[in-house]
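Everything below concerns the one structure shown next.
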Amino acid sequence: MEKHGYREGASRSEALLEDFAWHFSLAVYHPTSTCRIGDVVDPRLRVKGVERLRVADASVMPAVIGGNTNAPSIMIGEKAADLIRERETLARDAA
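Residue 6 in numbering that gives the first Met the number 0 sits at position 7 of the sequence shown; the count goes up by one each step and never skips.
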């Protein structure tokens, strides 16, 4: 039986190993925690060292969660909107 271009008894090639890696390295999980709060962004979701840039998605989560990332991602977006709105309100009040 042929699986991923391999026939039993045949030599294993680089192409076979690459195909095998691509096939079995996929996950059903959504990437998170790549721009964690505290490491890459501050608690107000601003990217450290970059002016006027915020990250408001699952990448700011400090740890990978065990459940679906949809609801927490929506909550992060809502919090970012509140933080931005608060900043604009403060700027208007100061003027």
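Note that the Cβ used here is the ideal one computed from N, Cα and C, for glycine as well.
Cβ-Cβ distance between residue i and residue j below 8 Å
i, j, result
"VAL63", "THR31", "yes"
"VAL59", "ILE75", "yes"
"LEU44", "ALA79", "yes"
"PRO61", "ARG84", "no"
"HIS120", "THR68", "Residue 120 lies beyond the stretch modelled for the chain, which goes from 0 to 94, so this question has no answer here."
"PRO71", "ALA57", "yes"
Assigned secondary structure, residue i (DSSP; H/G/I helix, E/B strand, else coil)
i, result
"GLU1", "Because GLU1 sits at a pLDDT of 49, beneath the cut-off of 50, its placement in the model cannot be relied upon, and the point is left open."
"VAL46", "strand"
"ILE64", "coil"
"ARG51", "coil"
8 Å Cβ shell around residue i - same chain, five flanking residues per side excluded
i, result
"LYS47", "VAL39, VAL40 and ASP41"
"LEU82", "ARG43, LEU44 and ARG53"
"ARG86", "none"
(request) Could you name each continuous alpha helix (DSSP H) segment of 4 residues or more that falls completely within the segment 11 to 40, going from the start of the chain to the end? (result) 13 to 23
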